[in-house]
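*Asks:*
4 protein chains.
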Amino acid sequence: MDAGGVDKNGVRRSQGGNPLSGPFYVEGALSGDTLVIHFNRIRVNRDTARSGSGIVPSALEPWYARNKQPVRDFDTTWHLDKEHGIATLAKPTDKLKNFTVPLQPMLGCVGVAPPGSQSFLSGDLGPYGGNLDYNQMREGATLYLPVFQPGALLFVGDGHAAQGDGELTGDALETSMEVEFTVDLIQGKSVGPRAENDEYIMALGVANSMPEAVQRATTQLATWLEDDFKLNPSEVAMVLGFAIRYDVAELVDPHVHVVAKIKKSSLAGLGPPTK
Amino acid sequence: MDAGGVDKNGVRRSQGGNPLSGPFYVEGALSGDTLVIHFNRIRVNRDTARSGSGIVPSALEPWYARNKQPVRDFDTTWHLDKEHGIATLAKPTDKLKNFTVPLQPMLGCVGVAPPGSQSFLSGDLGPYGGNLDYNQMREGATLYLPVFQPGALLFVGDGHAAQGDGELTGDALETSMEVEFTVDLIQGKSVGPRAENDEYIMALGVANSMPEAVQRATTQLATWLEDDFKLNPSEVAMVLGFAIRYDVAELVDPHVHVVAKIKKSSLAGLGPPTK
Amino acid sequence: MDAGGVDKNGVRRSQGGNPLSGPFYVEGALSGDTLVIHFNRIRVNRDTARSGSGIVPSALEPWYARNKQPVRDFDTTWHLDKEHGIATLAKPTDKLKNFTVPLQPMLGCVGVAPPGSQSFLSGDLGPYGGNLDYNQMREGATLYLPVFQPGALLFVGDGHAAQGDGELTGDALETSMEVEFTVDLIQGKSVGPRAENDEYIMALGVANSMPEAVQRATTQLATWLEDDFKLNPSEVAMVLGFAIRYDVAELVDPHVHVVAKIKKSSLAGLGPPTK
Amino acid sequence: MDAGGVDKNGVRRSQGGNPLSGPFYVEGALSGDTLVIHFNRIRVNRDTARSGSGIVPSALEPWYARNKQPVRDFDTTWHLDKEHGIATLAKPTDKLKNFTVPLQPMLGCVGVAPPGSQSFLSGDLGPYGGNLDYNQMREGATLYLPVFQPGALLFVGDGHAAQGDGELTGDALETSMEVEFTVDLIQGKSVGPRAENDEYIMALGVANSMPEAVQRATTQLATWLEDDFKLNPSEVAMVLGFAIRYDVAELVDPHVHVVAKIKKSSLAGLGPPTK
């Protein structure tokens, strides 16, 4: 199902607003553990997507947002061409008739049940994951989330055929997705939200504002290096100061998401991590 | 000279605090023009660099910054190995003895004289460029700066052998640099700060805070697309929404610098830009 | 009960973490209505309070927060002298032995059930009110909250004998309180969070960050003037531009709270509000 | 002269953009001293003022700023009635024909020459003061500014007949002013920007963003208490935590200005300050 609740056959299966698949009860998962989710396969499974038609005003300078309103009735239906790996507007304007976006299918929502008896909308995100909207949550990635409730109660959803940094239109190329994942448990240790793929380790910083999200992501990445390699603060500064990279995951949801990452090749000289 | 005023032979040639080379008077440049600077060559020209020894506290969560102070007397002298293209700590701690940073030489400072009779410290940055501290200002890049004064009065400096996003230690691998550049003028049109390299066009957003720097960079990139391809606001949203990437250039100077960029390959379908 | 769950007799009656009294089911209240709460009486009902012992680091410049840690084992028990209307430290240091704080009893938490099936910690705040921590929620004030659930489900708690702007110690003079209130309903119209007292009308801006809380409070106050006096945007600007006042309610909870207010005397010339 | 360069007789005497009176060379003032400016008299000296006609969009929620544009050709000429101490629109709309603003004359700009060879526009502000735009800089107030250059080079200007918090229209009731002040020097000690009046001591926090301005103001007020009363960090927390008040001075200039203040009556119990 896509974020509007429509499945691969174009049938509405649920109300809109990021309907989720799940919860999946993970045998043996207890509060204090870490759930490890390997995304083996994330592929679009239909040939249409939809998106918003304007950049959200909060991502633009106020004078510009005030003067440049989205075009009324702009048709944002996309055609997804799996064979060539591209998306094109289904009914493009003249200027955009040759404009293509590479398909980079990802999941916007991956989360577990939050701590205590809290309950959030599926558009929100936090230490439990949720609507992370990070364009690197793609096939081949692994996500680490802390477990807060027995069984973890994993859910997934909000497939995006492609998404720019910041999720500037307030959404992405929203479509349904075929997803395969496997889960592992790290018992008795709670870390995350963290992720990794072949190239990077990634600390996910979800917070109220961009400066706070950067602080959280940087601090989480620093803590990770401390824990795994027993580095002191100046050693951490030497590793991060000249090799850290940030991704602005999204700017439009109830919390901001910034990722701090470092290449695995940069860590090679530090020896094997301590488990 | 490096940011401390020391040249390629280790001789102090100037006071520290980002001494600059220049100003270069560009024949014919007038207020309202755009200065185009092509960096043909940016190479380290000595085998040592220095850096700070801790992450600035404003980039860390307050509780963490409070508890994790930099190590006293940590030696941050670096050895630059041009042959292998790597930097290593000259006197590494045990943990970091095999830790290497790839050399990615860049210029921290490139600017022109600011408008009016304003005068800023060389550590500051703004619409005139200045201490941009962006790790993509490397050999092969082109920078566009608006001209505010006759002759533009270009200056360059603050060589970094490598710098992570955000310039988290408050500096980078500070060293002297051999620089070759050529300049062009776009007369009667004022754009920038903008940059490009083989892969990306880049809008440089310098502002007071991260959210404002993102707004500025996004708005500048949107304006660029409007101007060059005559796109309307929803067409701009289609191009940026699913293909924009942000770089967090630096977080530690008197203004924040965030870059919004898009791959030239994403623009290929839009046809040739209007000049 | 105070925020730690201790009642007027010093008996622990609940777990800590802002235990609340309620919910009170308000007959006839439906989603889309506005609940009006008049605080007829808010008085301290015991003679002790407690507070934190340091300013939260996020409210201080990072270098200062790093260097100035709270004193270990500083005794923050307060004596509340209702007769003279002052609070003093129960076991003051020498410097503070004549230091007094005027009692200005207030309620930190006043809220209704949030929309949908959301569920938040009692330390959070939002459009439903909650942990507003605003030092003008005192005897004589009236609070307006939108109703989201049948019966509104009003709750109150978190008595503060006195609180500075921003709630800088992460709490205030936490104590139990004797509270009397009456409720009214505005049916079929949803406004708030808003408040008023004899002197001011107040728009409560709860948001993720200070700039956003200021934007929300200003916008809410502008909307209020539009609705009640049918002013156009420039007329609103004339009224707010030269008479608005902001209060920084709190900076330390999961959301920031800033209030925009205007004197009722400033509105006198606008004639009676349209109901 | 007013911010547009017009004097008490309505004659243009200078270009607009906050023209300043000064610099005044203060005999004996040296870098490292503190200049003390007592405002003995600040009175409007003509009967007209002008203001902007809309709230700046950055102070409003983006959706609201987008939908509520200022009215075209709205006449923002004000009549200043010194006898009754009020301002009224000279040609009011029907809704505002009985709307009055109390005159509270103040100076927007008070500053000294900045450090080094820096030079700023008169619309900017910083540790040297400048365009502080704080509505408490009124007759009877005293301002403390650090001296950076021989003679201090004091300047004043930007008279406002009245200004709300935040200076939301991007300006205030801009008019010319009759000003009398006397200066003192504190030699060999550099403090400020600080201010005081009969009721409050005030620490002026000028910074890039609201959170940073709050941090600076709070830290400056904390430091003030440490210096004058030799309080430790927890004693400072006891004094500020339950008695601090913030004023949002302005939000629309190149830097944000937030003031942290405390009543002199709250400090009475601390004994005399150490000089």
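Chains as they are written, first to last, in our numbering: chain A, 238 to 512; chain B, 238 to 512; chain C, 238 to 512; chain D, 238 to 512. We treat Cβ as the ideally placed atom computed from N, Cα and C, and that holds for glycine.
Please determine if the region 265-277 of chain C and the region 301-314 of chain C are in contact, where contact requires at least 3 C-beta pairs separated by less than 8 Å.
*Replies:* The region 265-277 of chain C makes no contact with the region 301-314 of chain C; the number of CB pairs closer than 8 Å stays below 3.
*Asks:* TRP300/B touches chain C at which residues, Cβ-Cβ below 7 Å?
*Replies:* PRO294
*Asks:* Can you list, in chain order, the residues of its chain with a C-beta nearer than 6 Å to that of ALA240/B? Leave out the 5 residues immediately preceding and following it.
*Replies:* Around ALA240/B: ASN255, ASP395, GLU411.
*Asks:* Please list the partners that ARG278/A has in chain D, where partner means a Cβ-to-Cβ separation under 9 Å.
*Replies:* Going along chain D, no residue has its Cβ under 9 Å from ARG278/A, so there is no contact; the nearest lies around 38 Å.
*Asks:* Among GLU264/A, ARG250/A, GLY353/A, which residue has its Cα nearest to the Cα of SER258/A?
*Replies:* Comparing Cα-Cα distances from SER258/A to each of GLU264/A, ARG250/A, GLY353/A, the minimum goes to ARG250/A.
*Asks:* Using the beta-carbon of each residue, which ones in chain A are nearer than 8 Å to ARG303/D?
*Replies:* Per Cβ cutoff of 8 Å: PRO294, ALA302, ARG303, GLN306.
*Asks:* Would GLY247/A be called buried (16 or more neighbouring beta carbons within 10 Å of its own) or exposed?
*Replies:* exposed
*Asks:* Specify, as a first and last residue, the run of the alpha helix (DSSP H) that ARG453/C falls within.
*Replies:* 447-466
*Asks:* Quick check: the Cα distance between PRO351/B and LYS500/A, rounded to an integer number of angstroms?
*Replies:* 38 Å
*Asks:* So VAL473/B is in the beta strand (DSSP E); what residue range does that whole segment cover?
*Replies:* First-last for VAL473/B: 470-478, but that is the alpha helix (DSSP H), not the beta strand (DSSP E).
*Asks:* From the DSSP secondary-structure annotation, give me the bridge partner or partners of THR271/C.
*Replies:* PRO383/C, ILE423/C
*Asks:* Within 9 Å (strictly less), CB to CB, does PRO448/A reach chain D?
*Replies:* yes
*Asks:* Does DSSP classify LYS500/D as helix, strand or coil?
*Replies:* strand
*Asks:* So, is the C-beta of ILE481/D closer than 9 Å to a C-beta in chain C?
*Replies:* yes
*Asks:* CA-CA distance, LEU325/A and ALA286/A?
*Replies:* Rather than Leu, the amino acid found at residue 325/A in this sequence is Thr. Answer to the nearest angstrom: the Cα atoms are 10 Å apart.
*Asks:* I need the straight-line Cα distance from THR455/C to PRO364/C, nearest angstrom please.
*Replies:* 15 Å
*Asks:* Please state if the CB of TYR483/A and the CB of LYS467/A are separated by a distance shorter than 9 Å.
*Replies:* no
*Asks:* By the 8 Å beta-carbon criterion, what residues does the region 426-447 of chain A contribute toward chain C?
*Replies:* ASN445, SER446
*Asks:* What does DSSP give as the partner residues of VAL485/A in its beta bridges?
*Replies:* VAL495/A
*Asks:* Using the C-alpha atoms, what's the distance from ILE323/B back to LEU340/B?
*Replies:* 5 Å
*Asks:* Hey, could you find the ends of the alpha helix (DSSP H) ARG303/D is sitting in?
*Replies:* From DSSP, the alpha helix (DSSP H) with ARG303/D extends over 299-304.
*Asks:* Applying the criterion that 16 or more other CB atoms from any shown protein chain within 10 Å of the CB defines a buried residue, is LYS305/B buried or exposed?
*Replies:* buried
*Asks:* Report, in whole angstroms, the separation of the C-beta atoms of ALA389/D and VAL349/D, which I expect to be a contact under 8 Å.
*Replies:* 5 Å
*Asks:* Please confirm if HIS492/C has its CB atom under 9 Å from at least one CB of chain A.
*Replies:* yes
*Asks:* Do you know whose CA, among THR406/B, THR460/B, LEU344/B, lies nearest ILE292/A's CA?
*Replies:* THR460/B
*Asks:* GLN355/B versus chain D: which residues are under 7 Å apart at the beta carbon?
*Replies:* Neighbours of GLN355/B on chain D, chain order: SER356, PHE357, LEU358.
*Asks:* For LEU333/C, which of helix, strand or coil comes out of DSSP?
*Replies:* In this structure, DSSP gives LEU333/C a helical state, which the three-state scheme calls helix.
*Asks:* Leaving aside the five residues before and after LYS426/D along the sequence, list all residues of the same chain whose C-beta is less than 8 Å from its C-beta, in chain order.
*Replies:* GLY269, ASP270, THR271
*Asks:* Determine which residues share a DSSP beta bridge with MET414/D and list them.
*Replies:* VAL281/D
*Asks:* Please confirm if LYS245/C has its CB atom under 9 Å from at least one CB of chain D.
*Replies:* no
*Asks:* Could you check which residue in LEU344/C, VAL420/C, LEU507/C, GLN373/C has the C-alpha nearest to that of VAL393/C?
*Replies:* LEU344/C
*Asks:* For the beta strand (DSSP E) containing SER288/A, list its first residue and its last residue.
*Replies:* Taken as a continuous stretch (DSSP letters only), SER288/A belongs to no beta strand (DSSP E), as it is neither H nor E.
*Asks:* If the cut is a Cβ gap below 7 Å, which residues of chain B does GLN452/A touch?
*Replies:* ALA296, LEU297, GLU298
*Asks:* Can a CB atom of chain D be found closer than 9 Å to the CB of SER503/C?
*Replies:* yes
*Asks:* By a C-beta neighbour count over all protein chains shown, 10 Å radius and 16 as the cutoff for buried, is GLY342/A buried or exposed?
*Replies:* The amino acid occupying residue 342/A in the given sequence is Pro; Gly does not appear at that position. Counting Cβ neighbours within 10 Å, PRO342/A comes out buried, since at least 16 surround it.
*Asks:* Whose Cβ in chain A lies nearer than 9 Å to the Cβ of LYS467/B?
*Replies:* LYS332
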